[in-house]
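Peer 1: Chains as they are written, first to last, in this note's numbering: chain A, 44 to 189; chain B, 44 to 189. Okay, here's the structure, questions in a sec.
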DNA sequence: ATAGAGATGATAATGATTATCAGTGATATA
DNA sequence: TATATCACTGATAATCATTATCATCTCTAT
């Protein structure tokens with residue numbers, strides 16, 4: 044229903060697909076590549092499940108992140124944002140945050156692996172990493188320099 | 044009083060050095076390499092300035108981060124942590140966070156620069172980046188696998 | 001000394017997130 | 001099919017880090 048990988052993760056974790064959870068997952072699928080706050084998810088989920096409450100949204104997002112269906116991260120506004128993982132990407136992904144317009148772009152890259160290699164040589168077990176670039180995007184850079 | 048670079052930054056920004064601010068800066072110097080929360084700074088600052096209040100701590104840390112004397116970042120406990128910048132390090136620095144004991148190690152590395160180069164080719168102006176590795180440190184890895 | 005600006009501490013307000021709890025719905029077993 | 005159990009939900013209170021407010025204090029410059 045949601046793609047093989049997601050369905051497997053749900054099943055592996057005994058995660059019952061209620062109407063509310065389905066609505067939230069649908070919202071996240073509809074917003075592939077975007078980074079939604081709990082409040083934003085609530086608004087969209089209410090279009091499908093008018094009575095859904097914010098607590099359920101938090102609970103569900105938290106759980107979906109824990110079982111690796113969503114990414115959870117924070118940028119520059121003190122609230123967590125969630126994004127659906129796509130099947131092909133590895134467990135790492137990298138964000139490019141524009142300091143002016145706040146737009147967030149993705150950066151997929153493997154250079155980081157060599158850094159991880161170094162760490163593992165030193166006895167660390169690398170589980171994940173998070174990399175954020177803070178930039179002016181081409182558009183805002185233009186505006187800024189006028 | 045606090046080293047040339049810090050003093051310059053204070054002067055450039057018309058930042059008056061009151062007793063409270065001095066206390067906070069001293070605390071940060073005493074904890075070079077550690078990542079303190081506002082509350083932790085308060086406790087130590089009170090040893091030097093018994094009446095200092097939490098609001099002043101927040102205000103001061105915020106300002107010192109804005110004028111580039113401190114780093115501000117968040118790890119896995121939903122509170123900002125501050126760390127003094129050392130004069131030699133560049134504007135980027137990278138953290139290695141142990142998922143078991145929470146210890147934070149530093150990683151200085153220049154490989155990231157090539158990534159930035161790519162972004163700049165694409166028209167982005169890279170201002171800063173933040174990279175966190177989530178790992179099991181050698182000690183915790185050992186424990187975990189027993 | 002004195003006016004005005006900046007700084008401070010106490011505390012109220014805010015805002016995101018989490019906990020609680022009573023009610024609801026699904027499930028499994030007899 | 002009835003029923004006991006257990007997970008799930010929504011409303012809302014509680015929490016906790018951070019920010020705003022405001023009266024007071026303290027510099028500094030005239």
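The C-beta atom is built at its ideal place from N, Cα and C for all residues, glycine as well.
#1: Report the rounded CA-to-CA distance for residue 158 (chain A) versus residue 96 (chain A), giving the unit in angstroms.
#2: Compute the Euclidean distance between the alpha carbons of residue 179 (chain A) and residue 144 (chain A), then round it to the nearest angstrom.
#3: Show which residues of chain B have a CB atom less than 7 Å away from the CB atom of residue 117 (chain A).
#4: What's the C-alpha gap between residue 169 (chain B) and residue 73 (chain A)?
#5: Please report the distance separating the alpha-carbon of residue 109 (chain A) from that of residue 127 (chain A).
#6: Pick out the complete alpha helix (DSSP H) segments inside the region 106-136 of chain B, 4 residues or longer, and give them in chain order.
#7: Less than 8 Å between the C-beta atoms of residue 84 (chain A) and residue 67 (chain A), yes or no?
#8: For residue 149 (chain B), does the three-state DSSP call read helix, strand or coil?
#9: At the 8 Å Cβ level, is residue 180 (chain A) part of the contact set with chain B, yes or no?
#10: Decide if residue 141 (chain A) is buried, meaning its Cβ has at least 16 other Cβ atoms within 10 Å, or exposed.
#11: Where do the ends of the alpha helix (DSSP H) carrying residue 90 (chain B) lie?
#12: Measuring only between beta-carbons, confirm whether residue 97 (chain B) sits less than 8 Å from chain A.
#13: Determine, using beta carbons only, whether residue 52 (chain A) and residue 112 (chain A) come nearer to each other than 8 Å.
#14: Among the candidates B:122, B:118, B:90, whose CA atom is the shortest distance from the CA of residue 101 (chain B)?
#15: From residue 107 (chain A) to residue 172 (chain B), what distance separates their C-alpha atoms?
#16: Under the rule that 16 or more other beta-carbon atoms within 10 Å means buried, what is residue 88 (chain A), buried or exposed?
#17: Using 8 Å for Cβ pairs, my map puts residue 139 (chain B) next to residue 118 (chain B). What's the rounded Cβ distance?
#18: Excluding the 5 residues preceding and the 5 following residue 49 (chain A) in the sequence, name in chain order all residues of the same chain whose CB lies nearer than 6 Å to its CB.
#19: Can you name the residues that DSSP bridges to residue 223 (chain B)?
#20: Exposed or buried, residue 175 (chain B), counting other C-beta atoms within 10 Å across all chains shown (16 or more means buried)?
#21: Scan the region 166-177 of chain A for residues whose Cβ lies nearer than 8 Å to a Cβ of chain B and list them as they occur along the chain.
#22: What are the boundary residues of the alpha helix (DSSP H) that includes residue 60 (chain B)?
#23: Got a sec: is the Cβ-Cβ distance from residue 139 (chain B) to anything in chain A below 8 Å?
#24: Cutting at 7 Å between CB atoms, please list the residues of its own chain near residue 64 (chain B), excluding the five before and the five after it.
#25: Alpha carbon to alpha carbon, what distance is there between residue 125 (chain A) and residue 78 (chain A)?
Peer 2: This is what the structure gives:
#1: Along the first chain, one-based indexing puts residue 158 (chain A) at 115. Along the first chain, one-based indexing puts residue 96 (chain A) at 53. Each residue's Cα considered, the two are about 43 Å apart.
#2: Here the question's residue 179 (chain A) lines up with position 136 in the first chain. Here the question's residue 144 (chain A) lines up with position 101 in the first chain. Straight across, the Cα-Cα distance linking residue 179 (chain A) with residue 144 (chain A) is about 8 Å.
#3: Translated into the one-based positions of the first chain, residue 117 (chain A) becomes position 74. Ordered by position in chain B, the residues that pass the 7 Å Cβ test against residue 117 (chain A) are 117.
#4: Position 126 of the second chain, counted from the start, is the residue given in the question as residue 169 (chain B). Position 30 of the first chain, counted from the start, is the residue given in the question as residue 73 (chain A). Each residue's CA atom was taken as its position, placing residue 169 (chain B) and residue 73 (chain A) some 30 Å apart.
#5: Taking the first residue of the first chain as position 1, residue 109 (chain A) is located at position 66. Taking the first residue of the first chain as position 1, residue 127 (chain A) is located at position 84. Roughly 12 Å separates the two Cα atoms.
#6: The region 106-136 of chain B contains no complete alpha helix (DSSP H) run of 4 or more residues.
#7: Residue 84 (chain A) sits at position 41 when you count from the first residue of the first chain. Residue 67 (chain A) sits at position 24 when you count from the first residue of the first chain. For residue 84 (chain A) and residue 67 (chain A), yes; Cβs fall inside 8 Å.
#8: Within the second chain, numbered from 1, the residue matching residue 149 (chain B) stands at position 106. Secondary structure of residue 149 (chain B) (DSSP, three-state): strand.
#9: Translated into the one-based positions of the first chain, residue 180 (chain A) becomes position 137. Output row for residue 180 (chain A): interface = yes.
#10: Along the first chain, read from residue 1 onward, the residue named residue 141 (chain A) stands at position 98. Residue 141 (chain A) is buried by the Cβ-count criterion.
#11: Here residue 90 (chain B) refers to the residue found at position 47 when the second chain is read from its first residue. Per DSSP, residue 90 (chain B) belongs to no alpha helix (DSSP H) and is neither H nor E.
#12: Along the second chain, one-based indexing puts residue 97 (chain B) at 54. No, no contact with chain A.
#13: Residue numbering aside, residue 52 (chain A) sits at position 9 when the first chain is read from its first letter. Residue numbering aside, residue 112 (chain A) sits at position 69 when the first chain is read from its first letter. Taking 8 Å as the Cβ cut-off, residue 52 (chain A) and residue 112 (chain A) qualify as a contacting pair.
#14: One-based indexing of the second chain puts residue 101 (chain B) at position 58. It is B:122 whose Cα lies nearest to the Cα of residue 101 (chain B).
#15: Counting from one through the first chain, the residue named residue 107 (chain A) turns up at place 64. Counting from one through the second chain, the residue named residue 172 (chain B) turns up at place 129. When rounded, the distance between both Cα atoms is 27 Å.
#16: What you label residue 88 (chain A) is simply residue 45 of the first chain in a count that begins at 1. Residue 88 (chain A) comes out buried.
#17: The residue labelled residue 139 (chain B) in the question sits at position 96 within the second chain. The residue labelled residue 118 (chain B) in the question sits at position 75 within the second chain. About 11 Å separates the two Cβ atoms, so there is no contact after all.
#18: The sequence position of residue 49 (chain A) within the first chain is 6, counting from 1. Here the set comprises 112.
#19: With chain B covering 44 to 189 only, the question about residue 223 (chain B) has no answer from this structure.
#20: By one-based count along the second chain, residue 175 (chain B) stands at place 132. It counts as buried.
#21: 166, 167, 168, 169, 170, 171, 172, 173, 174, 175, 176, 177
#22: As a first step, residue 60 (chain B) must be located in the second chain, where it is residue number 17. It is not in any alpha helix (DSSP H) - residue 60 (chain B) carries neither H nor E in the DSSP assignment.
#23: The sequence position of residue 139 (chain B) within the second chain is 96, counting from 1. It does: the Cβ of residue 139 (chain B) has a partner Cβ on chain A nearer than 8 Å.
#24: If you number the second chain from 1, residue 64 (chain B) lands on position 21. Within the same chain, residue 64 (chain B) has close Cβ partners 103.
#25: Walking along the first chain from the start, residue 78 (chain A) turns up at place 35. Walking along the first chain from the start, residue 125 (chain A) turns up at place 82. Spanning the two alpha carbons is a distance of roughly 5 Å.
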